[in-house]
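Participant:
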Amino acid sequence: MVWALTPVDTVRGTQKHYIFAAGTYKVGRKDCDVIVQADTSISRVHAEIAIEKMVAWDPHSGAPASPSYVRVVDRSKYGTFVNKVHGTQGSRLHKDEDVMLTDGDTVTFGTGNATFRLSFVPIVAFFHGRKSARIDPSLHAVMTSIGAYATRKWSDECTHVLADESCSLTPELLDAVMGKKQIVLGEWFKAMSEKNIHTEIPSCTQYIPNLTLDGTVIKMVEINLIQNCLAGYAFILGPSDKYQFGEKLHGLLEVTGAKYIHIDEFCANSQDSVAGDTDQQILVVPARYPLEFSKIRGLFPLSKISDVKLFAAILSGRLEATAIEPPAFIVTSSNSMDETIVEDSDVEMETATSNPSGAANKSQNRIENISDDEKEITNITNEVAVTVSGTKANVIQPNDPPKVEVSKPTEDDVKVIEKTAVYRSKARDEDVRVISKVPKDENLDISRDGACDVIFSQDLVVKRPPRTAPAASPEVGGVNFKRFRKVYIMQIESDYDGGTMTDFMREEQQRKQMEAIAEDLFNNAKSKKRAAAGSSIHTLLTGRR
Numbered sequence: 001m002v003w004a005l006t007p008v009d010t011v012r013g014t015q016k017h018y019i020f021a022a023g024t025y026k027v028g029r030k031d032c033d034v035i036v037q038a039d040t041s042i043s044r045v046h047a048e049i050a051i052e053k054m055v056a057w058d059p060h061s062g063a064p065a066s067p068s069y070v071r072v073v074d075r076s077k078y079g080t081f082v083n084k085v086h087g088t089q090g091s092r093l094h095k096d097e098d099v100m101l102t103d104g105d106t107v108t109f110g111t112g113n114a115t116f117r118l119s120f121v122p123i124v125a126f127f128h129g130r131k132s133a134r135i136d137p138s139l140h141a142v143m144t145s146i147g148a149y150a151t152r153k154w155s156d157e158c159t160h161v162l163a164d165e166s167c168s169l170t171p172e173l174l175d176a177v178m179g180k181k182q183i184v185l186g187e188w189f190k191a192m193s194e195k196n197i198h199t200e201i202p203s204c205t206q207y208i209p210n211l212t213l214d215g216t217v218i219k220m221v222e223i224n225l226i227q228n229c230l231a232g233y234a235f236i237l238g239p240s241d242k243y244q245f246g247e248k249l250h251g252l253l254e255v256t257g258a259k260y261i262h263i264d265e266f267c268a269n270s271q272d273s274v275a276g277d278t279d280q281q282i283l284v285v286p287a288r289y290p291l292e293f294s295k296i297r298g299l300f301p302l303s304k305i306s307d308v309k310l311f312a313a314i315l316s317g318r319l320e321a322t323a324i325e326p327p328a329f330i331v332t333s334s335n336s337m338d339e340t341i342v343e344d345s346d347v348e349m350e351t352a353t354s355n356p357s358g359a360a361n362k363s364q365n366r367i368e369n370i371s372d373d374e375k376e377i378t379n380i381t382n383e384v385a386v387t388v389s390g391t392k393a394n395v396i397q398p399n400d401p402p403k404v405e406v407s408k409p410t411e412d413d414v415k416v417i418e419k420t421a422v423y424r425s426k427a428r429d430e431d432v433r434v435i436s437k438v439p440k441d442e443n444l445d446i447s448r449d450g451a452c453d454v455i456f457s458q459d460l461v462v463k464r465p466p467r468t469a470p471a472a473s474p475e476v477g478g479v480n481f482k483r484f485r486k487v488y489i490m491q492i493e494s495d496y497d498g499g500t501m502t503d504f505m506r507e508e509q510q511r512k513q514m515e516a517i518a519e520d521l522f523n524n525a526k527s528k529k530r531a532a533a534g535s536s537i538h539t540l541l542t543g544r545r
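Here you go:
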């Protein structure tokens, strides 16, 4: 156990100290182990506190395992007083006089109010591990030097739990959390032994192990951060035997400040506000039986969390939003895929009322309604668009008109033309029509020319293919040259245009050009010679005359 020297009154110039090792510690105004600057009666070195041996606290007997040896020696001018409290004089020590101290004794330095109480701070560590495992000898020596006591039996007298890194979560560890006992690594005891005296017990934030549960790594935090970390939540719980460590779950939720309600109570009072109006209600589902409560309709609107994730949230001190599964969306019969009837938009109504009978006559769609005993066959020769309402349509462009056979519908079903392939193209400047099948008991309006009208809906969009130009009839008066159109001939790019000319081809082209130039020069020279020869003969003949 550790010795604590705590100021009785909150006096300026006094501070709490913890002693972790045997030795002699000086108390005074300056350059001492325990600095006291309450008044001017404190000497530079006022007294000494000598601890001969650090003893451990025995949790079974509730007392130190062996007698303590703590003495105070006066070294001051104005004296040191023992057990001087509330105006009593106590016993004054003369200079260089000493006295034995026990747990709870008070020591006053000087004539002022610099009074400190000496007390035990027990450190009892529950060793969490296999029964065959043993504490490391070096760690055990460190724990003994600071007066810490290690035990394998869990009890409320335990102040800490000594665990290994990545150890499995056990009921004993959960009991420690419910008892607000900190779980630490062995390095924490070594950190305390680095200095003989501290103004506070070293923090264990950096010495908390990670725990594992069903393969999930839990990053545990300090015990004070776990308290009230789930305030504002109300958890709906089933039978305790369905959950891992189910008997510990209620106590853990109480430590975290969360509320809990049994499923039967929640379903019975579903209309009333069982939990607070601001509490978020979450159903706890066993990780081993994820479908345990899936058939209880009253639990459908609740968010869900597994018991493993709930334990992780408790020990980590926070509930992540990703750990909560949102409630399932209830699909009613009116919203199901088989029975969906969607209202026509204003644009579709305008398109439908524009010219339904004409659209049926001009379109190449042919819908054959056969008797109830036969199947309905829909021949689609148009391009079928998948999207509507101003978006670029995804259409079906089949090579051969596909046939879709639809089984005979029931009274509540709506027939849907299924698409087999989708090609992306732009449907612009073309007429589109929306086709939807209707139940068999509805009578279709037949136009005067015998073609059925098109039923407009947003289920399906059918685009009419472009018409081919009608063949012109031969004219008697002469040939109509407008009939003859220029036939588009695909131009095949040569190797020269494609930029694939090789060196050989380039040299061959230059050679041909040079031959052509040489031939032109040769022909020009030949013609000049002939002209020159003719003129000379003419000169000779005329000269002779």
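So in full-length UniProt numbering, spot 400 of the sequence shown is number 400, and the numbers just go up one at a time. Backbone N, C-alpha and C define an ideal beta-carbon position, used for all residues, glycine too.
1) Which one or two residues does DSSP pair with Q182 in a beta bridge?
2) With distances taken Cα to Cα, identify the nearest neighbour of K195 among F235, I146, I226 and Y243.
3) So if DSSP puts W3 in a beta bridge, which residue, or which two residues, is it bridged to?
4) Mapping DSSP to helix, strand and coil, what is K526?
5) Flag this pair as touching only if the segment 51-58 and the segment 69-87 have three or more C-beta atom pairs under 8 Å; answer yes or no.
6) From the DSSP output, read off the bridge partner residues of K304.
7) Note down the Cα distance separating E254 from V285, rounded to an integer number of angstroms.
8) Can you name, in chain order, every residue of its own chain whose Cβ lies under 7 Å from the Cβ of P326, other than the five neighbours on each side?
9) Anyone know if the C-beta pair for F127 and I135 falls short of 9 Å?
10) Around the Cβ of A133, are there at least 16 other Cβ atoms within 10 angstroms (buried) or fewer (exposed)?
11) With a threshold of 8 Å, are at least 3 pairs of Cβ atoms found where one atom belongs to the segment 29-49 and the other to the segment 160-177?
12) Is DSSP giving R297 helix, strand or coil here?
13) What is the C-beta distance between N83 and D105, in whole angstroms, given that I count them as a contact (C-beta under 8 Å)?
14) How big is the Cα-Cα spacing for I517 and R511?
15) Residues bridged to Y233 by DSSP?
16) So, helix, strand or coil for R12, using DSSP?
17) Is the CB-CB distance between A38 and R75 below 9 Å?
18) I'd like the span of the alpha helix (DSSP H) that includes I226, first residue to last.
19) Roughly how many angstroms lie between the CA atoms of V8 and T111, to the nearest whole one?
20) Where does G112 fall in DSSP's three states?
21) Tell me which residue opens and which closes the beta strand (DSSP E) that F245 is part of.
22) Pick from K153, S138 and P122: whose alpha carbon is nearest that of K131?
23) Spatial neighbours of T205 within its chain, please: C-beta separation below 7 Å, excluding the five flanking residues on both sides.
24) Could you give the distance in angstroms between the alpha-carbon of K181 and the alpha-carbon of R92?
25) Is the Cβ-Cβ distance between V184 and Q244 less than 9 Å?
26) If we ignore side chains and look at the alpha-carbon of each, how far apart do A176 and I42 end up?
27) Flag this pair as touching only if the segment 228-247 and the segment 312-322 have three or more C-beta atom pairs under 8 Å; answer yes or no.
28) So what's T144 in DSSP terms, helix, strand or just coil?
29) Looking at the secondary structure, which residues open and close the alpha helix (DSSP H) in which D264 lies?
30) For L315, I'd like the list of residues in its chain whose CB is within less than 6 Å of its CB, leaving aside the five on either flank, ordered along the chain.
31) Would you call the CB atoms of L291 and I263 closer than 9 Å?
32) For K528 and E519, I'd like the C-alpha separation in whole angstroms.
33) Between T278 and the rest of its own chain, which residues show a CB-CB distance below 7 Å, the 5 nearest in sequence each way excluded?
34) Helix, strand or coil: which one does DSSP assign to V422?
35) Going by DSSP, what residue range makes up the alpha helix (DSSP H) through E194?
36) So within the segment 40-102, which uninterrupted beta strand (DSSP E) runs reach at least 3 residues, ignoring any that extend past its ends?
Facilitator: Walking through what the data contain:
1) H160
2) I146
3) I19 and F120
4) helix
5) yes
6) L283 and E325
7) 19 Å
8) S303
9) yes
10) exposed
11) no
12) helix
13) 6 Å
14) 10 Å
15) Q280
16) coil
17) no
18) I223 to I226
19) 15 Å
20) coil
21) Taken as a continuous stretch (DSSP letters only), F245 belongs to no beta strand (DSSP E), as it is neither H nor E.
22) K153
23) E222
24) 41 Å
25) no
26) 44 Å
27) yes
28) helix
29) I263 to A268
30) I218 and M220
31) no
32) 14 Å
33) G232
34) Model confidence at V422 stands at a pLDDT of 37, short of 50, so the residue's coordinates are unreliable and nothing is read from them.
35) Segment: none, E194 is in no alpha helix (DSSP H) and carries neither H nor E.
36) 47-53, 69-74, 80-82, 91-93 and 98-101
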